[in-house]
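Notes follow the structure.
In this note's numbering, the protein residues as written are 8 to 923.
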């Protein structure tokens with residue numbers, strides 16, 4: 008922000024800086040308090056602070072150029088002047104005998120008879136006005152005998168910038184003048200550094216623009232003005248003002264010339280009409296249907312060179328999305344139902360105007376199924392209109408077919424009592440602002456054969472239930488000898504009957520004993536459509552479950568069934584050949600996925616990324632004219648997949664697809680444990696297949712996202728709560744693959760994506776530290792002496808236990824399978840005064856510290872580690888153990904050499920005592 012001079016009166020102001028998306032609710036602001044103070048009066052004596060004068064001429068002291076910098080030149084008010092001669096050399100007293108009286112004018116003249124040659128006089132000029140402080144300046148005049156050139160000096164840039172105190176780095180433009188030089192034989196100084204300064208470069212018609220001509224050097228300069236293609240005009244002074252009556256661009260040129268040189272400077276002034284009268288004609292109606300493409304057009308009643316910006320902010324159930332478009336005419340398609348706020352801004356360089364519109368986006372009703380119970384006369388019957396895709400913002404008109412008045416409801420159900428038995432035609436008309444659907448059903452009303460049962464809850468007058476214990480409730484029921492109907496009983500909490508339910512959509516796929524589980528959706532929508540990943544070949548069967556939870560976490564399985572989800576058939580593929588999944592996936596990852604990301608809808612981004620990466624991990628292989636959808640079922644192709652199946656360009660495409668998906672996932676913000684579950688499961692798929700295609704440039708970004716997840720788990724995982732083992736397994740799969748890729752780069756050259764640098768060695772060690780931190784967070788959330796926590800990734804096996812020092816893992820004579828440590832019973836004495844110890848054990852397949860790689864290891868490259876912590880997370884140092892307390896570490900032989908039948912002699916090594 009640049010405030011023109013004199014724009015604000017003297018006073019106190021609060022400046023607010025606001026950053027927003029075109030006046031949408033997405034905004035941030037900051038403010039600063041500013042005091043605008045009056046500038047001091049500027050006294051100026053023509054000729055500068057020091058000059059030489061001839062005793063043959065009357066001395067003229069001119070202070071008429073003194074001014075008030077707080078006013079424009081044409082608005083100056085009179086100043087009061089006082090002149091004084093304060094000193095003179097060659098005076099016995101050091102004073103000055105020249106007197107001017109108590110008050111004087113801006114210009115005074117001292118007769119030459121009173122001047123003495125060889126004397127230097129010092130004059131003070133004091134200026135003031137009502138309500139303003141006095142300001143003083145001085146000029147020294149040295150009087151010499153004979154005829155002298157009368158010269159003066161003026162600071163041109165000081166007046167133009169209203170600044171007379173400058174730093175040593177500032178540019179200063181000075182103008183010198185000789186009043187009695189005829190210039191007959193003098194050539195003069197050439198024009199140097201001509202600059203034309205304008206107070207504004209974009210104005211409205213008729214608005215004045217102030218110009219100032221600045222020169223670095225030049226004597227006896229004449230200025231000529233030319234506007235556009237017009238003629239030249241002589242300027243009487245180096246400052247002038249102009250206004251422009253019509254819209255357009257004007258070039259204002261200044262020509263400076265003297266006897267020895269000439270120069271030209273120019274500025275371009277744009278004259279625009281201010282924008283006003285913004286309208287969006289024929290905009291929206293009452294509502295817009297989901298998925299319907301709509302054209303929007305903006306118009307202004309006035310304004311020139313107008314640009315338009317559109318902000319479509321859709322507030323929907325799963326979060327807000329924002330689409331930004333530009334142009335006078337745009338096209339927008341809402342992706343979901345909700346409240347759409349349309350912000351349009353019309354602007355030019357002068358400023359702009361805004362317009363905000365709000366419209367409902369509603370789902371078109373596709374189907375309504377009318378459902379009702381078995382009806383009895385004089386008994387209330389509950390009817391439900393199951394509406395697809397959603398009952399949001401739908402109204403219902405019920406006609407029960409018995410002559411009763413129609414009933415209108417805003418919920419998809421209604422209750423009605425029939426007075427007489429018989430057959431009735433029930434009709435419901437479901438409608439919203441964009442569609443309607445009529446459903447009908449025939450109901451038969453029966454005569455009730457029994458009396459209502461008598462029910463009593465067997466509870467005392469005062470009941471105390473403990474949350475930590477199981478509680479029982481019992482009801483006494485008297486059926487009154489009724490055997491005609493099936494009897495049913497479901498307890499309900501009357502206080503929580505209206506609380507919203509949470510719906511969870513889970514997908515599970517298994518292969519050869521290995522299962523993967525994904526949380527596709529968790530939210531409050533009872534009806535939801537999602538893009539699902541395929542199952543494993545050859546049957547492509549997945550298990551789909553829908554869980555319904557209340558606000559306290561109690562859940563029931565509402566649906567559990569198997570589905571067959573096969574690999575997609577891309578459009579345009581030949582019928583007799585294998586489908587070209589790579590090219591099709593590359594198109595989706597490069598266009599559809601970024602489009603979802605721009606809509607700021609993380610739920611759809613996560614599920615779409617998961618489906619894409621799952622299909623990418625199932626590469627088709629040509630086998631006798633057919634394709635093998637899974638490398639694990641075709642092991643003869645697994646190691647040579649990138650070479651035998653696809654040429655290098657196709658391999659690069661697959662690497663690019665994986666990179667796009669990985670970068671999309673790590674760009675998503677995670678705020679809850681549910682977010683971590685979805686993002687971590689999808690990220691684990693990005694490194695599960697063909698590690699030579701892993702996005703190496705994404706490794707550090709992935710680490711940063713994992714660090715965010717750790718902070719959330721640390722804050723959200725409480726002692727005694729359920730341990731999120733599925734999340735932990737996904738994270739360990741990611742960190743294990745990061746360690747494997749980084750260590751592989753050290754062991755030998757690996758194929759990498761174009762333009763990507765090899766991952767830093769610190770990636771492996773940091774991934775290992777995150778793995779240890781994860782196990783520590785989850786173990787500390789366990790209850791003391793609870794069963795051990797076991798987490799398994801493809802590259803990392805982790806165990807954790809919170810126990811007393813006498814119940815540690817791998818302790819005693821039989822440490823158990825999978826223990827690489829043997830802890831004697833006497834070790835518990837090394838942990839005195841501790842009754843609660845957190846023990847962490849990690850086994851990593853690849854060395855996370857691959858510094859100085861040795862190609863012929865005689866022992867395994869696996870790394871086993873064990874650590875002890877307090878419940879607060881502080882490390883417990885283990886040092887100087889006695890022999891009876893020493894911990895034994897078992898290191899297996901190298902698996903490669905064992906496979907080749909090589910025998911390695913046993914040996915021993917002594918590890919020097921060091922702090923852990």
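Glycine residues also receive a C-beta, built at the ideal position from the N, C-alpha and C atoms. Quick caveat: nothing in here was measured; it's all calculated off a predicted structure.
Straight-line spacing of the CA atoms in residue 137 and residue 75 works out to 12 Å. The residue from 143, 154 and 264 with its alpha-carbon nearest to that of residue 196 is 264. Proximity to residue 77 across 566, 13 and 300 peaks at 13, based on C-alpha coordinates.
With 16 or more other Cβ atoms from the protein chains shown falling within 10 Å of its own Cβ, residue 529 counts as buried.
Within a 10 Å sphere around the beta-carbon of residue 702 sit 16 or more other beta-carbons, which makes this residue buried.
A distance below 8 Å separates the beta carbons of residue 367 and residue 294. Boundaries of the beta strand (DSSP E) around residue 147: 142-151.
Between the region 882-898 and the region 794-812, the count of Cβ pairs shorter than 8 Å is below three; the stretches do not touch. Assigned with DSSP and collapsed to three states, residue 534 falls in coil, not helix or strand.
Each residue's CA atom was taken as its position, placing residue 740 and residue 596 some 23 Å apart. For the pair residue 397 and residue 370, the CB atoms are nearer than the 8 Å cut-off.
Around the beta-carbon of residue 354, 16 or more other beta-carbon atoms lie within 10 Å, marking it buried. Under the DSSP definition of a beta bridge, residue 810 partners with 844. Between residue 60 and residue 173, the C-beta spacing is not below 8 Å. In the DSSP assignment, no residue is bridged to residue 489. Contiguous alpha helix (DSSP H) elements confined to the region 600-627 occur at 600-605 and 609-623, taking only those with 4 or more residues. Contact annotation: the region 285-294 does not touch the region 209-224, with fewer than three C-beta pairs closer than 8 Å. Residue 431 is positioned such that its CB atom lies no closer than 8 Å to that of residue 384.
By the CB criterion at 8 Å, residue 211 and residue 10 fall outside the cutoff.
Between the alpha carbons of residue 775 and residue 742 lies a gap of roughly 7 Å.
If you look at residue 714, you'll find it in the alpha helix (DSSP H) that goes 706-723. With contacts defined as CB atoms closer than 8 Å, residue 130 and residue 112 fail to qualify as a contacting pair.
Per the Cβ contact rule, the region 268-285 is in contact with the region 200-216 (3 or more Cβ pairs under 8 Å). Taking a 10 Å sphere around the C-beta of residue 347, we find 16 or more other C-beta atoms and assign the residue as buried. Secondary structure at residue 732: helix, using DSSP grouped into helix, strand and coil. Here residue 187 has 156 and 157 as same chain residues with Cβ atoms under 7 Å from its own Cβ, once five neighbours each way along the sequence are excluded. Assigned with DSSP and collapsed to three states, residue 238 falls in coil, not helix or strand. The C-alpha of residue 460 is placed about 51 Å away from the C-alpha of residue 541. Contact between residue 139 and residue 48 holds, since their C-beta atoms are separated by about 6 Å, short of 8 Å. A Cβ-Cβ contact shorter than 8 Å links residue 781 with residue 717. A residue is called buried when at least 16 other Cβ atoms come within 10 angstroms of its Cβ; residue 464 does not meet this threshold and is exposed. Less than 8 Å divides the Cβ of residue 732 from the Cβ of residue 798.
Residue environment analysis places residue 73 among the buried positions, since at least 16 neighbouring C-beta atoms fall within 10 angstroms of its C-beta. Bounds of the beta strand (DSSP E) holding residue 345 are 345-355. In the three-state reduction of the DSSP assignment, residue 255 falls in the strand class, which pools E and B. For residue 69, the enclosing beta strand (DSSP E) starts and ends at 66-69.
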